[in-house]
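Visitor: Starting off with a structure, shown below.
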Amino acid sequence: MKAAAFEYRRADTLAETLLPELNDKPVAGNQSLGPMMNLRLARPRRLIDIATIPELRKIVESPDHVRFGAATTHAEIEDGETPDPTNGWMRAAAGNIAHRAVRNRGTMGGSLAHADPAADWVIVLTGLEATVIVAGPVGERRIPMEDFINGPYTTDLGDSELLVAIEVPRPGSSARWGYKKFMRQVGEFAKASATVLIDPENDRHRCALGALGGPPVILADPLAIIEGSVSAADIVSAALSGRQLQSFSMHVAALESALASALGQQEDCA
Ligand SMILES: Cc1cc2nc3c(=O)[nH]c(=O)nc-3n(C[C@H](O)[C@H](O)[C@H](O)COP(=O)(O)OP(=O)(O)OC[C@H]3O[C@@H](n4cnc5c(N)ncnc54)[C@H](O)[C@@H]3O)c2cc1C
Numbered sequence: 006m007k008a009a010a011f012e013y014r015r016a017d018t019l020a021e022t023l024l025p026e027l028n029d030k031p032v033a034g035n036q037s038l039g040p041m042m043n044l045r046l047a048r049p050r051r052l053i054d055i056a057t058i059p060e061l062r063k064i065v066e067s068p069d070h071v072r073f074g075a076a077t078t079h080a081e082i083e084d085g086e087t088p089d090p091t092n093g094w095m096r097a098a099a100g101n102i103a104h105r106a107v108r109n110r111g112t113m114g115g116s117l118a119h120a121d122p123a124a125d126w127v128i129v130l131t132g133l134e135a136t137v138i139v140a141g142p143v144g145e146r147r148i149p150m151e152d153f154i155n156g157p158y159t160t161d162l163g164d165s166e167l168l169v170a171i172e173v174p175r176p177g178s179s180a181r182w183g184y185k186k187f188m189r190q191v192g193e194f195a196k197a198s199a200t201v202l203i204d205p206e207n208d209r210h211r212c213a214l215g216a217l218g219g220p221p222v223i224l225a226d227p228l229a230i231i232e233g234s235v236s237a238a239d240i241v242s243a244a245l246s247g248r249q250l251q252s253f254s255m256h257v258a259a260l261e262s263a264l265a266s267a268l269g270q271q272e273d274c275a
């Protein structure tokens, strides 16, 4: 099947995209929207191409974070064309998204706005305590990643809002990280994923699970998990209470693997 007829316009400035007409839709890399349109799951009247808007391509470094324009592609991060505030953790994650052709066009902002529960940036940026910046007709809002994704393919973005940037905090020099993504074949979305952030200098510790069919789950008491005083199975079971733990054995294994990687007990495990 092919997409229903639509109009197309390339936007040059952010301002002109913030007052959309009914059924206009922004498009960045078109790696998720295109397939949805081909399946007729999305039928926008007009696509507004935001991929080259300068404000969305800008990267700003500051001492405590890097602000990535939403139209930064996965490949630009993978290739080291952008600064990586995480000393390579983001770069490794980017290189593990889909295939190179998808990474060449797909963007961080598009991935977060699409909010596939199994997407890499959804869990990785939650694990890194990133903040999403959105702009609309009444100004900008800053939204912590954990409040941005509301459900499967559902975000906090308003109809006339655009995701403009993602701010990723710089971890301290002694910080450690683990990210495990289980997939059936290279290039596929995760079947289960987990992240572990250990950042004592900034008193930031976070363990999170992804690919659960909804928003990522941030696990309670990350220090207990990191110090090993609770088992991964017990903590996943508590976090997903009401669900059958057997169905989440891959998430338990992903958490154990991400933890071992963060603790330096195994090679990077993406
Ligand atoms: C074969 C294949 C395999 C894939 N495998 C993976 C994988 O393993 N892991 C993974 O994470 N992803 C995977 N993807 C998805 C890929 O990462 C996409 O690039 C990403 O999900 C969407 O980014 P995009 O820039 O292409 O967004 P688009 O397709 O252009 O847009 C997606 C949605 O977001 C909206 N949107 C885009 N940008 C903005 C913005 N700045 N503000 C507001 N709304 C916006 C659009 O209106 C649309 O609704 C795969 C895709 C394909 C085709």
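If you read the sequence shown in this note's numbering, its first letter stands for residue 6, the second for the next number, and so on. No residue lacks a Cβ here, since even glycine has one placed at the ideal position from N, Cα and C.
Our contact map puts residue 224 next to residue 214 with C-beta atoms below 8 Å; I'd like the distance itself, whole angstroms only.
Guide: Indeed they touch by this definition, with Cβ atoms about 7 Å apart.
Visitor: Is residue 191 a contact residue of ligand 1, with contact defined as CB to any heavy atom under 7 Å?
Guide: Outside the cutoff, so no.
Visitor: Residue 131 lies in the alpha helix (DSSP H); which residues open and close that run?
Guide: Unbroken alpha helix (DSSP H) run through residue 131: 125 to 132.
Visitor: Quick check on the burial criterion: 16 or more other C-beta atoms within 10 angstroms. Buried or exposed for residue 7?
Guide: It is exposed - the Cβ of residue 7 has fewer than 16 other Cβ atoms within 10 Å.
Visitor: Under three-state DSSP, which class holds residue 39?
Guide: Three-state result, residue 39: helix.
Visitor: What residues come near ligand 1, if near means a beta carbon less than 5 Å from any of its heavy atoms?
Guide: Selection output, chain order preserved: 30, 31, 32, 33, 34, 35, 36, 37, 38, 75, 102, 103, 107, 111, 112, 114, 115, 116, 118, 119, 124, 125, 167, 168 and 194.
Visitor: Inspect the beta-carbon positions of residue 171 and residue 73 and report whether they are closer than 8 Å.
Guide: Yes, these two residues count as a Cβ contact at 8 Å.
Visitor: To the nearest angstrom, how far is it from the Cα of residue 216 to the Cα of residue 197?
Guide: Near 5 Å, if we compare the C-alpha coordinates of residue 197 and residue 216.
Visitor: With distances taken from CA atoms, which of 262, 244, 221 and 165 is nearest residue 20?
Guide: Residue 20 has its Cα closest to that of 165, out of 262, 244, 221 and 165.
Visitor: What residues match up with residue 29 in a beta bridge as DSSP calls it?
Guide: In DSSP, residue 29 forms a bridge with 51.
Visitor: Taking 8 Å as the threshold (C-beta atoms), are residue 153 and residue 160 in contact?
Guide: Yes, the pair counts as a contact, with Cβ atoms nearer than the cut-off.
Visitor: Would you verify that the beta carbon of residue 102 is, or is not, closer than 8 Å to some beta carbon of chain C?
Guide: This model lacks chain C altogether; it includes just one protein chain.
Visitor: Kindly indicate which residue of 95, 204, 235 and 269 has the alpha-carbon position closest to the one of residue 257.
Guide: Of 95, 204, 235 and 269, the residue nearest in Cα terms is 235.
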